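Heads up, the thing below is written out as structure tokens.
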Amino acid sequence: MEYKMIVLDLDGTLTNSKKEMTDRTRETLLTAERQGLRVVLASGRPTYGITALADELRLKDYGGYILAFNGGRITDCATGRVVFDQPLDPSVVEPLYHKVKAAGMEMLTYQDEKIAATKRANKYVLHEAFINKMPVVEFSDFVHEVRYPINKCLVVGDPSPLHELELNLQTAFRGRMDAYRSAGFFLECVPPGIDKARSLQRLFEILGLSKDEVIACGDGYNDQNMIRFAGLGVAMANAPKDVQDTADYITYSNEEDGVAHVVEKFVLNKGRKE
57 MEYKMIVLDL DGTLTNSKKE MTDRTRETLL TAERQGLRVV LASGRPTYGI TALADELRLK
117 DYGGYILAFN GGRITDCATG RVVFDQPLDP SVVEPLYHKV KAAGMEMLTY QDEKIAATKR
177 ANKYVLHEAF INKMPVVEFS DFVHEVRYPI NKCLVVGDPS PLHELELNLQ TAFRGRMDAY
237 RSAGFFLECV PPGIDKARSL QRLFEILGLS KDEVIACGDG YNDQNMIRFA GLGVAMANAP
297 KDVQDTADYI TYSNEEDGVA HVVEKFVLNK GRKE
């Protein structure tokens, strides 16, 4: 079967450690797009934090999509239309805030082109700002200063205590909010049932695609579902072992043009999953 779509995580997958796409990866993807491959950028980032990469890949011209907030919002780049949007229940934000502060951690969300955080001078908050190229505003009264609706909150902190908080939140908010890590220091708090695989299923239904026609590439724990779900699930060499174990194929790292290798092997050279 010919692959008609490739779904790409960004950080640790499409981009290198500088959060940039290499010339080889860009040109390889553009070549494949000219031959009819549809590209979807799937990330925990907000839509605004993805648009620069979408522009580099000319997704507007080639019928690509942005899948933001781990699948909480899907945007058709050709029209700018939001085809799916699932906000977080506002009633969970205040109790979430109190649990986060009691654990000695910080949280943030996204307001248009800015990041709204409980504390600006935090290395993890500033890292999220660097990734998305968005300025940070500090809200002293976070719960009431935030403008709703929002698609997710991101809790940040050192990995070990953050893992403990993750387990606590999963129990406390079961059925009202999902909590899972995208990195050791990032805890995603999203509406229940929101993940990349489920949102891809929604997109496939809109486009009339089969998952067997799709390649998905990722490196993080929040990519595991879509790696399992796609016809060809690809993990990066820099992914943790348990993420690699879910994949059909392991490509080179994000520092070695791993995405370009996949496109060359399975799309441009018409390779097939063995």
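Counting in this note's numbering, the sequence shown runs from 57 upward without gaps. Yeah, the Cβ is synthetic: ideal placement off N, Cα and C, and Gly gets one too. Computed from a predicted model, the values in this text were never measured in an experiment.
(request) Could you tell me whether the Cβ atoms of VAL155 and ASN207 are closer together than 8 Å? (result) Looking at the sequence provided, one finds Lys at residue 155 rather than Val. Cβ distance not < 8 Å, so LYS155 and ASN207 don't count as in contact.
(message) So THR307 and ALA293 are supposed to be a Cβ contact under 8 Å. How far apart are they, rounded?
(response) Right, their Cβ atoms sit about 7 Å apart.
(request) For my contact list, ASN278 and TYR236 are in at a C-beta cut-off of 8 Å; report their separation, rounded to the angstrom. (result) So it is a contact: roughly 6 Å between Cβ atoms.
(request) Between the Cα of SER238 and those of ASP67, ILE62, TYR118, spot the shortest distance and give me the residue it belongs to. (result) Ranking the options by Cα distance to SER238, first place goes to ASP67.
(request) State the DSSP-derived secondary structure class of GLU244, mapped to helix, strand or coil. (result) Strand, per DSSP.
(request) Take the Cβ of ASN310 as the centre, count every other Cβ of all protein chains shown within 10 Å, and call the residue buried at 16 or more, exposed below. (result) Under the 10 Å beta carbon count, ASN310 is surrounded by 16 or more other beta carbons and is classified as buried.
(request) Count the CB pairs spanning the segment 184-193 and the segment 142-160 that are closer than 8 Å, and state whether there are at least three. (result) Output reads no: the segment 142-160 does not touch the segment 184-193.
(request) Evaluate ASP134 with the Cβ neighbour count: other Cβ atoms within 10 Å of its Cβ, from every protein chain shown; 16 or more gives buried, anything less gives exposed. (result) Just to set this straight, residue 134 is Ala in the shown sequence, not Asp. A residue is called buried when at least 16 other Cβ atoms come within 10 angstroms of its Cβ; ALA134 does not meet this threshold and is exposed.
(request) Since I believe VAL290 is in contact with ALA303 (beta carbons under 8 Å), could you give me their beta-carbon distance rounded to a whole number of angstroms? (result) That pair is a contact at about 6 Å.
(request) Grab the span of the alpha helix (DSSP H) containing LEU265 for me, first residue to last. (result) For LEU265, no alpha helix (DSSP H) run applies, since DSSP gives it neither H nor E.
(message) Please identify the residue among TYR166, GLU169, GLU162 whose C-alpha is closest to the C-alpha of ALA177.
(response) Of the candidates TYR166, GLU169, GLU162, the one whose C-alpha sits nearest the C-alpha of ALA177 is GLU162.
(request) Within its chain, find whatever has a CB closer than 8 Å to the CB of ALA185; leave out the 5 residues flanking it on each side and keep chain order. (result) Closer than 8 Å at Cβ, skipping near neighbours: ILE171, PRO191, VAL192.
(request) Assign THR227 to buried or exposed, taking buried as 16 or more other Cβ atoms, counted over all protein chains shown, within 10 Å of its Cβ. (result) Around the beta carbon of THR227, a 10 Å sphere encloses fewer than 16 other beta carbons of the protein chains shown; the residue is thus reported as exposed.
(request) May I ask you to report which of helix, strand or coil DSSP gives MET292? (result) It is coil, neither helix nor strand.
(request) Give the single residue among PHE198, ASP301, PHE260 whose Cα lies nearest to the Cα of GLY276. (result) Of PHE198, ASP301, PHE260, the residue nearest in Cα terms is ASP301.
(request) Under 8 Å by Cβ, that's how I've got LEU218 and LEU256 pegged, so tell me the actual separation to the nearest angstrom. (result) The pair is not a contact, with the Cβ atoms about 27 Å apart (cut-off 8 Å).
(request) Identify every run of the beta strand (DSSP E) within the segment 62-134, keeping only runs that are complete inside it and at least 3 residues long; order them along the chain. (result) Scanning the segment 62-134 for uninterrupted beta strand (DSSP E) segments of 3 residues or longer gives 94-98, 121-124, 129-132, listed from N- to C-terminal end.
(request) Give the single residue among ASP168, VAL315, ASP197 whose Cα lies nearest to the Cα of PRO51. (result) Past the boundaries of the shown model lies residue 51; the chain is included only from 57 to 330, so the question cannot be answered.
(message) Within the continuous beta strand (DSSP E) that includes THR227, where are the two ends?
(response) Unbroken run through THR227 is the alpha helix (DSSP H), 215-228; no beta strand (DSSP E).
(request) Would you list, in sequence order, the uninterrupted alpha helix (DSSP H) runs of no fewer than 4 residues that lie entirely inside the segment 123-205? (result) The qualifying runs are 149-158, 179-188, 198-201.
(request) Give me whichever residues DSSP pairs with ALA286 in a beta bridge. (result) Partner(s): none; ALA286 has no beta bridge.
(request) Sort ARG232, GLY213, ASP79 by Cα distance to PRO143 and report the nearest one. (result) Ranked by Cα distance from PRO143, the options ARG232, GLY213, ASP79 are led by ARG232.
(message) For LEU109, tell me which candidate among LEU93, THR81, ASN126, THR87 has the shortest Cα-Cα distance.
(response) Among LEU93, THR81, ASN126, THR87, the Cα nearest to that of LEU109 is on THR81.
(request) Confirm, please, whether the CB-CB distance from ALA295 to MET282 is below 8 Å. (result) MET282 is not a Cβ neighbour of ALA295, given a cutoff of 8 Å.
(request) Can you tell me which of the three DSSP states TYR277 falls into? (result) In the three-state reduction of the DSSP assignment, TYR277 falls in the helix class, which pools H, G and I.
(message) Once the 5 residues before and after PHE195 are set aside, which same chain residues still bring their CB inside 8 Å of it?
(response) Excluding residues within five positions, the ones whose Cβ falls inside 8 Å are ALA172, ALA173, THR174, GLU201, VAL202.
(request) Report the three-state DSSP secondary structure of ARG328 (helix, strand or coil). (result) Bear in mind that the predicted position of ARG328 carries a pLDDT of just 48, short of 50, making it unreliable; the figure below should be weighed with that in mind. Per DSSP, reduced to three states, the secondary structure at ARG328 is coil, with no helix or strand assignment.
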